[in-house]
Structure formats: C-alpha cells, structure tokens
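Going line by line, the protein sequences match chains A and B.
Under numbering that gives the first Met the number 0, the residue at position 34 of the first sequence is numbered 33, and the numbers go up by one with no gaps.
Under numbering that gives the first Met the number 0, the residue at position 34 of the second sequence is numbered 33, and the numbers go up by one with no gaps.
Here a beta-carbon is modelled for each residue, glycine too, at the ideal position from N, C-alpha and C.
From a predicted model like this one, the values you see are computed outputs, not experimental measurements.
For reference, the structure is listed below as structure tokens.
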Amino acid sequence: MSNYNFQVLRAGINTTFQDKGRNNLYHIGIPFSGAMDNRNYLIANYLAGNKKNTTVIEFAYQGPLLKFNGEKICLVITGDVTFNIIKKNLNVEKGNCYQSYYLTDGDQIDILSTNRSVYGYLAVSGGFNVELFWNSSSTNTKARIGANNGEKIKKDSLIEILKPQKIYPLKKLKYFNSKIEQIRIIKGTNYSYFSKDGKKNFLEKKFIVSKLTDRMGMRLEGPKIENIVDTNIRSEGLIKGVIQVPPDGNPIIMLSDHGTIGGYPKIGVVISADYDKLVQLQPGSKIKFKEVSLFEAENLYKIYSMETQNILNQIT
Amino acid sequence: MIKNISNLGDAALYCDFGEEVNKEINSIVINYFNNIKEKKILGITNIAPSYNKLIITFDLSLTNFDKISEIIKGINIKPYENSKNKLIKIPICCDDEFALDIDRLEKNFEISKDQILKTFFSKEYFCYMTGFIAGMPFLGDIDQNIRLKRLETPRVKVPKGSVGITEKFCNIYTFESPGGWNIIGNSPIKVFDKSNKVNPALINPGDTVSFYKINMKEYKNWNE
Chain A
0 MSNYNFQVLR
10 AGINTTFQDK
20 GRNNLYHIGI
30 PFSGAMDNRN
40 YLIANYLAGN
50 KKNTTVIEFA
60 YQGPLLKFNG
70 EKICLVITGD
80 VTFNIIKKNL
90 NVEKGNCYQS
100 YYLTDGDQID
110 ILSTNRSVYG
120 YLAVSGGFNV
130 ELFWNSSSTN
140 TKARIGANNG
150 EKIKKDSLIE
160 ILKPQKIYPL
170 KKLKYFNSKI
180 EQIRIIKGTN
190 YSYFSKDGKK
200 NFLEKKFIVS
210 KLTDRMGMRL
220 EGPKIENIVD
230 TNIRSEGLIK
240 GVIQVPPDGN
250 PIIMLSDHGT
260 IGGYPKIGVV
270 ISADYDKLVQ
280 LQPGSKIKFK
290 EVSLFEAENL
300 YKIYSMETQN
310 ILNQIT
Chain B
0 MIKNISNLGD
10 AALYCDFGEE
20 VNKEINSIVI
30 NYFNNIKEKK
40 ILGITNIAPS
50 YNKLIITFDL
60 SLTNFDKISE
70 IIKGINIKPY
80 ENSKNKLIKI
90 PICCDDEFAL
100 DIDRLEKNFE
110 ISKDQILKTF
120 FSKEYFCYMT
130 GFIAGMPFLG
140 DIDQNIRLKR
150 LETPRVKVPK
160 GSVGITEKFC
170 NIYTFESPGG
180 WNIIGNSPIK
190 VFDKSNKVNP
200 ALINPGDTVS
210 FYKINMKEYK
220 NWNE
C-alpha cells in the first residue's frame with residue numbers, strides 16, 4: 000500500500016477509472032469500455048510522462064474535489080475543463096488544461112466543470128494503484144468490473160497513487176478541442192428498412208442530443224425516422240458507434256459501455272475518426288449526419304491517427 | 000456457411016449466415032467463432048456470435064475491412080467439436096415471490112402453472128449466444144405451448160437471477176437490468192462470476208442447459 004493518495008472530498012457526477020478498454024469479451028456480453036475520448040486520454044498520459052495504457056480518472060460535467068496526501072506528484076488535466084488548484088495555505092490558482100502541475104502534501108485539486116463538452120481526464124505521473132480485470136482497469140458499472148470494484152468513485156474514499164520513481168518535469172501543450180456538429184457515418188446494415196423520407200430526415204435534418212445520454216448510449220431527438228419494413232430485427236451483436244432506430248423513430252447511438260446484443264434496425268455507424276468528437280457533445284447540442292464511403296472513412300481515420308501522433312510528438 | 004460479408008461501419012465485419020434461426024445454423028456460427036478465435040488473427044479485437052450473424056471487430060490502426068474479409072473468406076473451418084461444449088444444470092425456485100409473470104402466462108395459455116413449469120423443465124436448452132448484459136445466455140427452443148411475446152411495457156428493473164421466457168427462447172438475468180421477458184422463477188447460482196478470470200460466464204454459446212426445480216428453503220440456503 001502506497002502512502003500517496005487522493006482523498007475524495009467530492010466525487011463529481013460520473014467519475015471513474017478508465018484506460019484503453021478491454022477486448023475479446025463481446026461474446027460473453029462485455030463491451031470495450033475505456034476512455035470515451037481516446038485522444039484526450041492519450042494526451043493526458045503523455046503529458047504526465049506515462050505509458051499510453053496507464054489508468055486515468057475520467058469525469059463528466061462536474062469533476063471531483065481531491066486532496067493530495069504524500070510528498071509530491073505531477074498531475075495534468077485534459078479536455079475543456081475549468082479547475083482550480085487549492086494550495087495547502089488556501090491560495091487558489093486557476094488551472095490550465097494541457098499543462099502539468101506539481102501537488103505537494105495537503106494541496107487540493109477542484110475540478111469544477113467541463114465546458115461545452117462532456118468528458119475530461121486527470122492523469123498523474125506513475126498512475127494509480129488499481130486492479131485489472133482482463134488486462135484493463137476500465138470501470139464498467141453495469142457488469143461491476145474494473146477498478147474500484149466496478150463502481151464510480153465515491154465521496155470519502157481514498158484513491159491510491161503509485162509513488163512516482165522520479166518527479167517528472169512540467170510540460171505544456173498548445174491544443175484546442177475543435178467543436179463540430181457534423182458527424183460522419185457509414186450506412187448501416189438495415190438502411191433499406193427506412194422510408195425515403197426517413198432516410199432524408201436522417202441525412203439532411205438536425206438532431207438534438209437528449210438528456211438520456213451516458214457512457215452506454217446517446218439518445219437523439221428530432222424528425223422521426225420512419226421504418227417501413229420491420230421495427231425489430233433478430234437480436235444480434237452491437238458495436239460502439241452503431242445507430243439503432245427503435246419503433247418510436249428516435250435514433251440511439253451505442254457508446255463505449257453499450258449492451259452487446261440488440262434487436263433494433265441499424266441505420267448507420269459513426270466512423271471511427273469522429274467518435275471522440277461525438278462523445279463530447281452535451282445534451283442539447285445539435286448533430287447533423289453526413290454519409291461517407293468505407294474508403295473515405297478509412298482515410299479519415301488515417302488522418303485522425305496522424306493528427307493524434309503529431310500532437311503526442313510535440314510533447315516528448 | 001457464410002452467405003454474405005459486409006462492413007458494419009469502418010471497423011467491423013458483418014457475416015450473415017442466412018435468415019433462418021435454428022440450432023444447426025447457430026452451431027455453424029459458433030463453430031466459425033471458435034475457429035477464428037483460435038487463429039488469433041492480427042488486429043481482431045472481438046468476435047460476437049448471435050443466432051445467425053457473426054460480427055468481427057478490428058483495430059483500424061492495424062488492419063482494415065478488405066484484409067480481414069479476405070482472411071475470413073479463405074479460412075479453413077474445422078468440423079464442429081462437440082466435446083468442447085458443456086451440459087450445465089441450473090436450479091430455479093419458482094415460488095410466487097419469484098415467478099412474476101406466471102399468472103399472466105396461465106391466463107394466456109389456459110393451462111395450469113404446474114403444467115407450464117412441467118413443460119419448461121422437461122427440455123434441455125441450447126445456448127445460441129451470450130450477451131446484452133455480461134454473461135446473459137439466450138437459450139432455446141422452448142415448447143410450442145408456452146411461447147409468448149415480451150411484456151408490452153418492459154420492467155425498469157428485473158431482479159438479478161430471474162429466469163425469463165419469450166417466444167421460443169429463455170434466459171437468465173445475470174444482473175438487475177431493465178427487461179421485458181416473462182419471468183417464471185429465480186436461480187441462486189452465479190451465472191456470471193467476475194472472480195473467475197479464465198471463464199467468467201458459466202454458459203457459453205454452444206453449451207446445453209437443463210433446469211431443475213428447488214424449493215424456497217433450498218434457494219435460501221444455496222451455497223456455492
């Protein structure tokens with residue numbers, strides 16, 4: 000047991016441990032999970048000098064208030080986040096994302112909110128002392144697996160920090176999260192189930208992200224997408240990014256903690272390159288879908304990966 | 000055999016085995032699943048069998064649809080090895096406290112509760128797929144005489160351990176979950192055990208399940 004830890008003075012709304020996620024368990028009902036916004040997760044770890052699969056804390060909307068106990072750690076927050084560092088002498092310093100800070104014994108980090116976005120990430124140099132399930136710490140609250148016994152981080156608990164080997168130098172990165180309304184998709188396997196007007200609505204009209212949105216899925220509201228064949232299909236596998244349309248005509252996008260089997264027709268699938276941006280859309284945001292080909296989607300993913308690598312290269 | 004391969008988004012292969020749903024077709028799907036899994040193909044991140052489909056996800060930074068598609072089309076599938084699958088016996092208590100929908104079923108089928116349960120317990124069931132929530136088995140086929148649709152309005156919370164029937168299938172809720180199946184009892188055993196790192200799901204696709212009845216005293220004293 001390390002004597003470095005965070006004392007959780009406020010847990011925040013949806014604060015969990017996450018890493019890259021876990022593979023090869025769909026066939027028994029366990030989805031990928033993992034950090035929702037992969038790029039911000041990677042940047043957090045690089046800025047903290049960690050290996051890329053190190054566990055971070057993910058928070059949504061309002062983050063946690065944490066008090067550090069120990070000698071000294073290096074910490075970084077990524078995303079579009081407002082936070083303060085409250086020194087032991089109660090001096091308050093406004094924090095900047097993509098810039099690392101040192102905390103010493105008794106300092107607090109107060110993560111107030113994610114701005115015009117949903118998820119933010121906190122990484123510490125060296126990482127957290129957490130249990131792995133099938134090679135991943137990622138918390139899946141539905142199946143109760145992952146770090147912290149598969150539960151959200153709770154008030155008054157202690158988060159064990161792995162004592163760093165050496166104090167990592169402070170880093171700073173100039174990076175802005177671009178905002179988009181347009182989400183590119185590939186036609187789904189049941190695209191032909193929908194009426195001409197339904198398809199037109201899907202590709203030409205705007206949808207609004209509803210409040211019924213979490214790590215499992217994103218429900219949208221907007222013009223109805225009329226099904227003219229069958230509102231149910233035989234239950235089959237789902238993957239993240241699939242857009243299902245239940246009988247009420249309002250699309251649901253499967254996100255990282257989704258149920259692995261579903262029986263609603265699939266009208267489309269969000270391309271891999273746009274997933275990070277999709278998950279950051281707050282309830283009330285508008286979405287417009289644009290269809291691309293598989294070939295275009297693959298190229299867009301190459302560009303996305305290259306951009307991510309360029310950002311990470313600027314850090315080291 | 001696979002009738003058609005298409006892409007599901009940019010990072011998954013959607014293999015269609017035809018429209019029919021029966022044990023024979025599903026056994027072929029599961030056989031493909033086992034064969035592909037054994038081959039440990041570069042970039043494949045998940046293989047998900049269902050009644051008549053197989054979805055294979057892959058890491059787009061390591062491979063792509065065309066490459067995986069070629070591999071799957073050219074794959075040499077060994078014949079089905081029955082020995083790998085298990086017969087699992089599951090105890091259920093069907094006291095009124097657990098059998099949430101038994102009255103509804105009695106009314107619908109116009110046969111007695113005892114007759115419904117007798118019919119249900121008389122068969123062995125094949126596991127077509129596992130999922131939706133961790134470890135939940137989709138089992139079939141139940142007798143023609145006890146088939147009913149899902150509830151019109153699904154329950155917000157189905158208790159953990161509930162055993163449900165709908166159409167020609169039955170299942171076990173491994174966690175408390177929303178759901179619309181007709182609940183006829185509850186099993187005290189751990190169908191999903193996260194402390195078992197090798198095989199956390201008790202019932203895997205291709206396994207066979209038989210149910211047997213226990214009373215409330217046995218249920219309460221159940222100790223694994």
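Two segments are said to touch when three or more pairs of C-beta atoms, one from each, lie closer than 8 Å; by this definition the stretch 6 to 22 of chain A touches the stretch 128 to 141 of chain A. For A/Leu64, the uninterrupted beta strand (DSSP E) run begins and ends at 64 to 68, by DSSP.
Leaving aside the five residues that flank A/Phe288 on each side, the residues in its chain whose CB is nearer than 7 Å to its CB run, in chain order, Ile182, Ile184, Phe201, Leu202, Gly267. With the rule of 3 Cβ pairs closer than 8 Å, the stretch 167 to 177 of chain B counts as touching the stretch 127 to 142 of chain B. With distances taken between CA atoms, B/Ile188 lies nearest to B/Ile213 out of B/Ile213, B/Val197, B/Asp206. The DSSP assignment places 101 to 108, 112 to 120 as complete runs of the alpha helix (DSSP H) inside the stretch 82 to 136 of chain B, in order along the chain (cut-off: 4 residues).
The way I'd put it, the stretch 297 to 309 of chain A doesn't touch the stretch 55 to 67 of chain A; fewer than three beta-carbon pairs between them come closer than 8 Å. With a threshold of 8 Å between beta carbons, B/Asp9 makes contact with chain A.
As the crow flies, the alpha-carbon of B/Lys83 is around 11 Å from that of B/Pro204. Classified as exposed, A/Gln313 has fewer than 16 neighbouring CB atoms from the shown chains inside 10 Å of its CB. Interface flag for A/Lys87 against chain B is unset, since no Cβ pair is found closer than 8 Å. Only buried fits A/Glu57, as 16 or more other CB atoms lie within 10 angstroms of its CB.
Here A/Val55 is buried. Its C-beta has 16 or more other C-beta atoms within 10 Å. Among the CB atoms of chain A, none fall inside 8 Å of the CB of B/Tyr31. Taking one beta carbon from each stretch, the stretch 139 to 156 of chain A and the stretch 243 to 251 of chain A have fewer than 3 pairs nearer than 8 Å; the two do not touch.
Under the Cβ distance rule, A/Ser271 counts among the residues neighbouring chain B, one pair being separated by less than 8 Å. Residues of the stretch 51 to 81 of chain B with a C-beta atom less than 7 Å from some C-beta of chain A are Asn51, Lys52, Ile54, Thr56, Leu59, Ser60, Asn63, Phe64, listed in chain order. For A/Glu290, the three-state secondary structure derived from DSSP is strand.
Restricting attention to A/Tyr25, A/Asn37, A/Gly20, the CA atom closest to the CA of A/Tyr274 is found in A/Asn37. Where A/Met253 is concerned, the enclosing beta strand (DSSP E) starts and stops at 251 to 253.
By the beta-carbon neighbour count (other beta carbons within 10 angstroms, threshold 16), B/Pro78 is exposed. The beta carbon of B/Leu61 sits closer than 7 Å to the beta carbons of Leu41, Gly42 from its chain, once the five residues preceding and following it are set aside; these are given in chain order. The stretch 110 to 118 of chain A makes no contact with the stretch 126 to 133 of chain A; the number of CB pairs closer than 8 Å stays below 3. A/Leu280 and A/Leu41 have their C-alpha atoms roughly 19 Å apart. Contact check for B/Cys126 against B/Asp206 passes: the beta carbons are separated by less than 8 Å. Contact annotation: A/Leu74 and A/Tyr45 have beta-carbon atoms that are not nearer than 8 Å. The shortest CA-to-CA distance from A/Met253 to any of A/Met217, A/Ser271, A/Ile227 is the one to A/Met217. Neighbours of A/Ser191 in chain B, taken as residues whose beta carbon is under 8 Å from its own, are absent, since the nearest beta carbon is some 12 Å off. If you compare the alpha carbons of A/Arg214, A/Ser209, A/Thr230 with that of A/Gly221, the shortest gap goes to A/Ser209.
When DSSP states are grouped into helix, strand and coil, A/Tyr100 belongs to the strand group. Here the stretch 138 to 154 of chain B lies against the stretch 165 to 172 of chain B, with 3 or more beta-carbon pairs under 8 Å apart.
In the DSSP assignment, A/Glu159 falls within the unbroken beta strand (DSSP E) covering 157 to 159.
Here B/Val155 has Pro177 as same chain residues with Cβ atoms under 7 Å from its own Cβ, once five neighbours each way along the sequence are excluded.
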